[in-house]
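>
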Amino acid sequence: MKVLRCTLLMLVAFCNSLWAQEEPLNPTKFNVIPPSPNASALGKYGEIPVNLFNGLPNIEIPLSQVVVGNEFNMPVNLSYHAAGNRVDEVASFVGLGWALNAGGAITRTVHGSPDEYGYVGQGHGKLIPKRPWQMDSSNFQTFRSSAVGIIDTQPDEFSYNFGNYSGKFVVDTNGVVQLMPYKNIRVKWDWATGNSFTITTENGTKYIFKTTDVTWTTSNCGDSYDSYTSAWYLTSIVLPVSKRTINFEYISGSVSVNSTSQTESRNACYGGACGGVLGCPGSVPVFSTCITTRSYSQQQIKKIEYPGGRISFNYAFPRTDVGTGQYALSDITISSNVGGVYTDVNKYKLNYVTPDRLKLQSVSTVDMSDQVISAYKLYYEQTGLPAIDAKSKDHWGYYNNANNSTLIPADRNQGLPGGNREPNSQYTKAGILEKIEYPTGGYTTFEFENHTYSYFAGAGVVEDPVYQTINVGKSIFTNSTPQHRGPKYDTIKLNFSRGLYANINAIVRSCCGNIATADAVEIATGERRAISSTTPNLYFSAGQHMIVLQAEHAEPTASDELVSVSLTYDDVIGYTKIATASGLRIRKITSYDGINHSNDIIKTYTYNFGSDTLSSGYLCNRPRYDYHYVAMKPVRNSNTGAEVPSFPCPLTMRTSAPNNEIESGQGSVVYREVLESIGSNKQNGSIRYIYKLNNNASGLNIYPFGPSTNVNITNGMLEQQLTFDNTGKRVAETINEYDTYEKASVRGWKTGYSEKGYNFTGPSFEKFATNTYDYKSAGVLLKKTTQKQYLGTGELSNVTEYAYDNLQHVQPTRIHKTTSKMDDLWIYNKYPTDYTIPAGTLSAGLQALKFMQDSNMHNAMIEQYTQQVAGGTATTLSAAQVQYKILPVANNQSAVMATSYKLNTSGLLSGFVPTYILNNDLKRDNNYEEVLQFNLYDNIGNIQEQRKTNDVNEVYIWGYNDLYPVAKIIGSTYQTAMSYIDPAIIRNPQNDAQLRAELDKIRTGLKGTNALVSTYTYKPQVGVTSETDPSGKVVYYEYDSVGRLLLVKDQNGKILKQYSYQYQQPVNQ
């Protein structure tokens, strides 16, 4: 997809350009001249990228951008999460499944107590035993305090998402943030107050998070918590060079969400009462219900203000799917700012429908009178969702249309009754996005299907039973008539391959001394258990059993006797190697251009290893609803009636929500291999993607369970890509190899009672179960890439190897390239932290390097050189080096380029010496020569004067509050050019004519010299409105009410180009 409109801003080169890993270091003159504007993009249909590791398409609707020169660019868009809609999901203020990306946030999942009150703030994390599974009298109190929540031995988990950055982190016992995965960013938390975070990215940009959400939790089961900060929102951004700020303002609301959980306590003495232990459940389990209310203060973005502009968000669409007084985002307005005067330049309106949930229906570009210019239209699957508190949901929370009275799931293997929590593929898709129609008339359709898997919890292989429900039963009766007096006798013979519960429906009725009995008899032991009319179910061990029915009308009464017993249980009739999980994956994407269906782009996705016998899916964890616990209960003395304490009551606890974590950050299921077929019948070939996937287990699956730590760090990395033509012949292949590294590890420890005394306490009467887990701050490094092309009977290959000699910046320092032609090239990169800065008085260049290190400006490449190896001898082909200097800006400092150098050699150079430090100065090879000088910057880092060696100056003058270059002068000095004009008019022009007239004074003042003067005017936040070349010829650009280019005219008013935005219609000239 392309943007609905094109905001035509000049491309000002940022002094500290961010060099890509293999992009050559080639510093040239700053090219700050704006490009001539082109026709606005119409929002064409486009290919939707897909994350094939989890099967989710990346669906976005672009809205706007926060642009500050070329120093900063942050898109503002809507994104859609296509995994499906959970029953208890409350739609966001932009509609179900949609999220507004306009800033960022850090959110927290609390484990135990908030870290600032426990794990970090009180130092509880340091109390974790090194071997917590060995409890003795010396550490008993630590175990007990952890079990009852007096101390907090579990670090909280934080998730961050802003700009192009996302991930998780935890805080260690020293208050230091540890990132997962590790990234080259710096996070500082004011944990003593919990008030703010500051994140500094690898180019020195600072993101400050201060606005907060607060959460309160109350429960009728006693698990209530004081308020704590659950989210921090992006409040401001400080740019690395100019130190200009971007500010975010929010409006605060509140919301409350109720949730219900159930627990079933069932004794583990199958069918018995555990020897008469008081308070121990008998044959009927005990249920408890907890209702939890979570109340949140909730922030919604109101305004983004940045140099030159503002984006305003208005909430005026009334919501009917949540409580009263709630509103959805109705419109977004983009405004320019010149001299403190805001002018609206663009606007979007969002429209919704509100059946069972708020759903985004369209996103329109409108003019300032709200007339629709163009629109994205959205269409959804029509199945309605049930109420948010409905019980018709599967294990993962998606709709399954089951008529459940409880969320404690049935256990078909053991025959335990409960709710149907199995996925229903038809209803998982309820309300999912099916089609996006673009302003062009083109569209994209999506077909989804449920996840499947053949592997789970790392090494588990699916071999799931296929069940058939069996019903068996018999009846006998007697009465006073001679032929029915009995005695009568019958049996039901049973043979079970496994232990299970069977549901019992029985009527055992007799009167007045007559006989009517039903008994379950285990053949191997002869054990008999009576069945009555109130027996709900019975547990049967594996083996042969018999239900014995007896009745006799022995007394002369008018009554009758009835014994009727029926059993219902699930029998295994086979096994399957492919299981279904809930949540959706993409099956097919079709994109139509709005003109001809013969141009359709069709992509179909298959998730297997090349055959239908196995799915390539790996389930993170199967849900665990049960755990075991021993409660020490009393037994009453039959003689005295006194209670004798501490008899074991073994309990099986079953819950309505999984106790373990059944999803990782990538979702419930991820895939080792996926085939992408291009065209309806692969007529355009296919691509098979193979991903790294090692142990994919998430969380701890045994009591007392525990949170999910970072799963194997390489999971999801593309390991191999195979490309095939339409005949199935392999034509290309890419193979990637990876290394990993670990920066730090943070331990958590969860403790729960496994046995608890009734009256007596202490090490002899209290037993604990413990789980330890580690959060790894680790990362993945691309070590080697092999690319092959298969041509007839031969092949061409290119191999690139990467070495990382400094994990302070985690970028390749050596890149080795070899080809089938026996080329052998080495590329060496050096960054600020590759230099050890000495103590003492430093040169200007080293002062700048130290400043860059301290400011986390790791991405600026300082030197790059390329060598060729032949016969074991290395010769240097090229080299470039940049020296920086410190620039005072905005009551602060920045590092900017001062001089650039290139290797001066006519051929191959032997004995090249990389840049090094000597006598507190930066020294370079004698064959380097100066090629560029960056002589003058303004106080926000804009280049004002630069010069090639032995060439004339280039001068730039900045206007509109120093945001746009309004003049370029070749062959003069900055001071000379500025002497002819009024800086106040340049900074804040009233109109284009005034600015052109003022800039013409430069042209007049330099008349008779060799200077060449070009000047520019702008419609801020839209684009260039005029260009005047050195000869004085003017080209004018005119825009419509939503910022689209309409006309290009020459200085005489003659139309050079005209644009008409009549979708799918010819342009009228």
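First residue of the sequence shown: 571, per this note's numbering; consecutive thereafter. Where is the CB? At the ideal position from N, CA and C, for every residue including glycine. Note that this is a predicted model, so its numbers are computed, not measured.
1. Mind checking which residues open and close the beta strand (DSSP E) that includes Ser-715?
2. Out of Ser-1549, Glu-772 and His-1428, state which residue places its alpha-carbon closest to the alpha-carbon of Leu-1527.
3. On the three-state DSSP scale, how would you describe Glu-641?
4. If you measure between the beta carbons of Thr-799 and Ile-807, is that distance less than 8 Å?
5. Taking only three categories from DSSP, how would you classify Ile-1510?
6. Reducing DSSP to helix, strand and coil, say where Gly-1641 ends up.
7. Taking the beta strand (DSSP E) that Asp-1060 falls in, what are its first and last residues?
8. Alpha carbon to alpha carbon, how far is Gly-989 from Gly-823?
9. I need the DSSP call for Ser-1102, collapsed to helix, strand or coil.
10. By Cβ distance, which residues of its chain are closer than 6 Å to Thr-1370, with the 5 residues on each side in sequence left out?
11. In three-state terms, what does DSSP make of Met-750?
12. Per DSSP, what kind of secondary structure is Thr-1574 in: helix, strand or coil?
13. If I measure Cβ to Cβ from Ile-1248 and keep anything under 7 Å in the same chain, skipping five residues before and after, which residues do I get?
14. Output the distance between the C-alpha atoms of Gln-1621 and Lys-1603, rounded to the nearest integer angstrom.
15. Since Tyr-922 and Phe-883 are thought to touch, with beta carbons under 8 Å apart, how far apart are those beta carbons, to the nearest angstrom?
16. Please determine if the stretch 647-665 and the stretch 998-1009 are in contact, where contact requires at least 3 C-beta pairs separated by less than 8 Å.
17. Among His-1167, Gly-1187 and Pro-1274, which one has its Cα closest to the Cα of Met-1223?
18. Would you tell me roughly how many angstroms separate the C-alpha atoms of Thr-1105 and Gly-967, rounded to the nearest one?
19. Determine contact between the stretch 1309-1319 and the stretch 1356-1370, defined as no fewer than three beta-carbon pairs at a distance below 8 Å.
20. Label Gly-1481 either buried or exposed according to how many other C-beta atoms from any shown protein chain fall within 10 Å of its C-beta, with 16 as the threshold for buried.
21. State whether the stretch 1323-1337 contacts the stretch 1285-1302, with contact taken as three or more CB pairs (one from each stretch) at a distance under 8 Å.
22. What distance in whole Å lies between the Cβ atoms of Asn-1523 and Thr-1543, which are believed to be in contact at a cut-off of 8 Å?
23. Quick one: using the 10 Å Cβ neighbour count with 16 as the cut-off for buried, is Ala-1567 buried or exposed?
24. Kindly indicate the opening and closing residues of the beta strand (DSSP E) around Arg-1557.
25. Indicate the three-state DSSP secondary structure (helix, strand or coil) for Phe-517 in the structure shown.
26. When you compare only the Cα positions, how much space is there between Tyr-819 and Ser-826?
27. Would a C-beta distance cut-off of 8 Å place Pro-1277 and Tyr-1343 closer than the cut-off?
28. Taking the continuous beta strand (DSSP E) assigned at Thr-1587, which residues delimit it?
29. Indicate the three-state DSSP secondary structure (helix, strand or coil) for Gly-625 in the structure shown.
30. Here's the rule I'm using: 16 or more other beta-carbon atoms within 10 Å means buried, otherwise exposed. How should Ala-801 be labelled?
31. Hey, would you say Asn-1497 sits closer than 8 Å to Asn-1520, going by beta carbons?
32. Beta-carbon of Ile-618 versus every beta-carbon of chain C: anything under 8 Å?
33. Three or more beta-carbon pairs under 8 Å between the stretch 1429-1439 and the stretch 1390-1401, yes or no?
34. For the alpha helix (DSSP H) that contains Gly-682, what are its first and last residues?
35. Pick from Met-1422, Ala-1444 and Pro-1590: whose alpha carbon is nearest that of Ile-1456?
36. Look at Tyr-1586 and Ser-1596 and say whether their C-beta atoms are less than 8 Å apart.
In short:
1. Element bounds for Ser-715: not the beta strand (DSSP E) but the alpha helix (DSSP H), 710-718.
2. With the sequence shown as reference, residue 1527 is identified as Ile, and Leu is not the correct amino acid for it. Selected option, being the one with the closest Cα: Ser-1549.
3. coil
4. no
5. If DSSP states are grouped into helix, strand and coil, Ile-1510 belongs with coil.
6. The requested residue 1641 does not occur in the structure, where the chain is confined to residues 571 to 1639.
7. Where Asp-1060 is concerned, the enclosing beta strand (DSSP E) stretches over 1058-1066.
8. 36 Å
9. coil
10. The answer, listed in chain order, is Thr-1355 and Lys-1387.
11. Strand at Met-750.
12. helix
13. The residues are Lys-1173, Asn-1254, Gly-1255 and Ser-1256.
14. 7 Å
15. Not quite, the Cβ-Cβ distance comes to about 15 Å (not below 8 Å), so this is no contact.
16. yes
17. Pro-1274
18. 32 Å
19. By the Cβ rule, the stretch 1309-1319 does not count as touching the stretch 1356-1370, because fewer than three pairs are nearer than 8 Å.
20. exposed
21. no
22. With a Cβ gap of about 6 Å, Thr-1543 and Asn-1523 count as contacting.
23. exposed
24. For Arg-1557, there is no enclosing beta strand (DSSP E); the enclosing alpha helix (DSSP H) has its first and last residue at 1553-1557.
25. Residue 517 falls outside the range modelled here, since the chain spans only 571 to 1639, and no answer is possible.
26. According to the sequence shown, residue 819 is Glu rather than Tyr. Taking the straight line joining both Cα atoms gives about 23 Å.
27. yes
28. 1582-1589
29. Coil at Gly-625, not helix or strand.
30. buried
31. No.
32. Absent from the structure is chain C; it holds one protein chain and no more.
33. Under the three-pair Cβ rule at 8 Å, the stretch 1429-1439 counts as touching the stretch 1390-1401.
34. Here Gly-682 belongs to no alpha helix (DSSP H), and DSSP marks it neither H nor E.
35. Looking at the Cα atoms, Met-1422 is the closest of the given residues.
36. yes
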